[in-house]
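Q: The working numbering applies: residue 776 is where the sequence shown begins, and numbers increase by one. We treat Cβ as the ideally placed atom computed from N, Cα and C, and that holds for glycine. All figures in this text were calculated on a predicted structure; none of them were measured in a lab.
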Amino acid sequence: MMSAASSLSKTNIKEANDHLQKLHQRIFELETQLQLHSLHVEDLQQTNAELQRQLAANSEANRESTGSLLKEKEREIGELKSQLEAKDLQVQRLLSAAEERDAVMFKLEEKSRVFYEVAEHRSSLAQILRVLEDISQSK
C-alpha cells in the first residue's frame with residue numbers, strides 16, 4: 776500500500792510549496808500594511824489630541840479675551856452715560872438761562888415801549904411840566 780505522502784507527485788508538492796510561499800508573502804505584506812496603518816492611526820490620534828488641546832486653550836483664551844472686551848465696552852458705555860448725563864445737565868442749565876434772558880428781554884421790551892410812548896409825548900409833557908411849575912411858583 777502506498778501512503779498519502781508517496782501518492783503526491785513532486786509537481787504537486789512544488790505547487791503546494793509555491794502556493795504556501797505566496798500565502799506567507801501575502802500575509803507578510805498585509806501585516807506590514809496593517810502596521811503602517813496602525814502607525815498612521817496613532818499619528819492621527821496624537822494629532823487629534825494635540826488639536827483638541829489647542830482648541831481648548833484657544834477657547835479659553837477667546838473666553839478671556841471676550842470677557843476683557845466686554846468689560847472694556849461696559850466701562851466705555853458707563854463713561855458715555857456719564858458724559859450724556861453731564862451734557863443733559865448742561866442743556867438744562869442753558870435752557871434755564873435762556874428762559875431767564877427771555878423774561879428779562881420781555882421786561883426790557885415793555886419798558887422800552889413805555890419809554891418810546893413817553894418820548895413821543897415829550898413836548899406835551901414838557902408843556903405840562905412848565906404849567907405845573909408856573910402854578911407852583913404863583914402860589
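(1) From the DSSP output, in three-state form, read off S784 for me.
(2) Would you kindly work out how many angstroms separate the C-alpha atoms of A894 and R868, rounded to a whole number?
(3) With H, G and I counted as helix, E and B as strand and the rest as coil, what does DSSP make of K914?
(4) What is the DSSP secondary structure of H812, counted as helix, strand or coil?
(5) DSSP three-state call for H896: helix, strand or coil?
(6) Rounded to whole angstroms, what's the CA-CA distance from L826 to L819? Just pull it up for me.
A: Straight from the coordinates:
(1) Under the three-state reduction of DSSP, S784 is assigned to coil, being neither helix nor strand.
(2) In this structure, the alpha-carbon of A894 lies about 38 angstroms from that of R868.
(3) Note: K914 maps to coil in three-state DSSP.
(4) Helix at H812.
(5) In the structure shown, H896 sits in coil (DSSP, three-state: anything other than H, G, I, E or B).
(6) Cα to Cα, the separation comes out at about 10 angstroms.
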